[in-house]
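Student: Using the UniProt record's numbering, the first residue of the sequence shown is number 1, and each one after it goes up by one.
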Amino acid sequence: MTAAFNHKVYCRQALIGGNYAMLNTTTFIPNPDYYGALLWHRLMGRNVLSVSHEGSSFLRVYGHCSKKGHGITVLLINMSNSTTFRVSLVNDMNTDKEVGSSDAMREEYHLTPKDGNIQSEVVLLNGTPLKLTQSLDIPEMNPKLVDPSSTVKVKPHSIVFVYSKSFHAPACS
């Protein structure tokens, strides 16, 4: 929200320490929040888009011009513990007839807690646990490639980053 008012910095109160740190205070292994912040850094560009939805108050939606180049990145956050949302990306600017008119596949990054437990120390990316490699590097964070005309399925207690190269937003030109 503050990005719409030209704030340019993401600030986390605790990198290490407290019960909400991005890194485990003993092992320094990334906590689940770390991976969400990393995807934000990799995918969300500087230009904030005006986005809205007509659904539940349990669904949050944020849109930015993509950091990856052309197109947009949308962040969907499902705060419900029981409802799955199906979201369609629609361009209300009437600049394109269809959002999914390109041959480019849409990239989706689904972050969910292991076993649906929001207090889990393990987060899944597209169903695969994110854990450090043998050499203690951050694991590859590959997207799920989907047809751009399909809906985005946002499971309970999950966040989804959606990168659509084919979505034309005038602010991102």
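Virtual Cβ for every residue (Gly too), placed ideally from N, Cα, C.
May I have the straight-line CA-CA distance separating Leu-136 from Ile-29, to the nearest angstrom?
Tutor: Within the sequence shown, numbered from 1, the residue matching residue 136 stands at position 136. Within the sequence shown, numbered from 1, the residue matching residue 29 stands at position 29. About 9 Å.
Student: Starting from the Cα of Asn-47, find the closest Cα among Thr-73, Pro-143, Pro-148, Phe-167 and give me that residue.
Tutor: Taking the sequence shown and counting its residues from 1, one reaches residue 47 at position 47. Taking the Cα of Asn-47 as reference, the smallest distance to any Cα among Thr-73, Pro-143, Pro-148, Phe-167 is reached at Thr-73.
Student: Between the C-alpha atoms of Pro-32 and Phe-167, what's the straight-line distance to the nearest angstrom?
Tutor: Position 32 of the sequence shown holds residue 32. Position 167 of the sequence shown holds residue 167. Distance between the alpha carbons of Pro-32 and Phe-167: 29 Å.
Student: Suppose you measure from the CA of Met-79 to the CA of Lys-155; what does that come to, to the nearest Å?
Tutor: Position 79 of the sequence shown, counted from the first residue, corresponds to residue 79. Position 155 of the sequence shown, counted from the first residue, corresponds to residue 155. Taking the straight line joining both Cα atoms gives about 9 Å.
Student: Assuming Leu-43 contacts Lys-67 (C-beta within less than 8 Å), just tell me the rounded distance between them.
Tutor: Here the question's residue 43 lines up with position 43 in the sequence shown. Here the question's residue 67 lines up with position 67 in the sequence shown. About 6 Å; that satisfies the 8 Å criterion.
Student: From His-64 to Thr-26, what does the alpha carbon distance come to, in whole angstroms?
Tutor: For the purposes of this step, residue 64 is identified with residue 64 of the sequence shown, where counting begins at 1. For the purposes of this step, residue 26 is identified with residue 26 of the sequence shown, where counting begins at 1. Their backbone Cα atoms lie some 35 Å apart in a straight line.
Student: Use the C-beta contact count for Glu-98: other C-beta atoms within 10 angstroms, 16 or more gives buried, fewer gives exposed.
Tutor: Here residue 98 is taken as the residue at index 98 of the sequence shown, counted from 1. Since pLDDT at Glu-98 reaches only 44, below the 50 mark, its modelled position is unreliable, and the value read off the structure follows with that caveat. Label assigned to Glu-98: exposed.
Student: Between the C-alpha atoms of Val-152 and His-70, what's the straight-line distance to the nearest angstrom?
Tutor: Counting from one through the sequence shown, the residue named residue 152 turns up at place 152. Counting from one through the sequence shown, the residue named residue 70 turns up at place 70. Going by the C-alpha atoms only, they are around 20 Å apart.
Student: Could you pull the start and end residues of the alpha helix (DSSP H) that Leu-136 belongs to?
Tutor: The residue given as residue 136 occupies position 136 in the sequence shown. Taken as a continuous stretch (DSSP letters only), Leu-136 belongs to no alpha helix (DSSP H), as it is neither H nor E.
Student: Rounding to the nearest angstrom, what Cα-Cα distance links residue 180 and Pro-129 in this structure?
Tutor: Residue 180 is absent from the model: the chain starts at 1 and stops at 173.
Student: Got a sec, what are the start and stop residues for the beta strand (DSSP E) Leu-89 sits in?
Tutor: Taking the first residue of the sequence shown as position 1, residue 89 is located at position 89. Looking at the DSSP string, Leu-89 is not in any beta strand (DSSP E), and its letter there is neither H nor E.
Student: Any idea if Ile-118 is buried or exposed, counting beta-carbon neighbours within 10 angstroms, 16 or more meaning buried?
Tutor: On the sequence shown, position 118 is the one that residue 118 refers to. Ile-118 should be labelled exposed.
Student: For Ser-173 and Lys-144, I'd like the C-alpha separation in whole angstroms.
Tutor: Stepping through the sequence shown from its first residue, residue 173 is reached at position 173. Stepping through the sequence shown from its first residue, residue 144 is reached at position 144. So the two alpha carbons sit approximately 25 Å from each other.
Student: By how many angstroms is the C-alpha of Val-122 removed from the C-alpha of Lys-131?
Tutor: As a first step, residue 131 must be located in the sequence shown, where it is residue number 131. As a first step, residue 122 must be located in the sequence shown, where it is residue number 122. Going from the Cα of Lys-131 to the Cα of Val-122 covers about 8 Å.
Student: Since Tyr-163 and Arg-86 should fall inside the 8 Å C-beta cutoff, what is the C-beta to C-beta distance between them, to a whole number of angstroms?
Tutor: Against the sequence shown, residue 163 aligns to sequence position 163. Against the sequence shown, residue 86 aligns to sequence position 86. 18 Å between Cβ atoms; not a contact.
Student: According to DSSP, simplified to helix, strand and coil, what is Gly-116?
Tutor: By one-based count along the sequence shown, residue 116 stands at place 116. Taken through DSSP and simplified to helix, strand or coil, Gly-116 comes out as helix.
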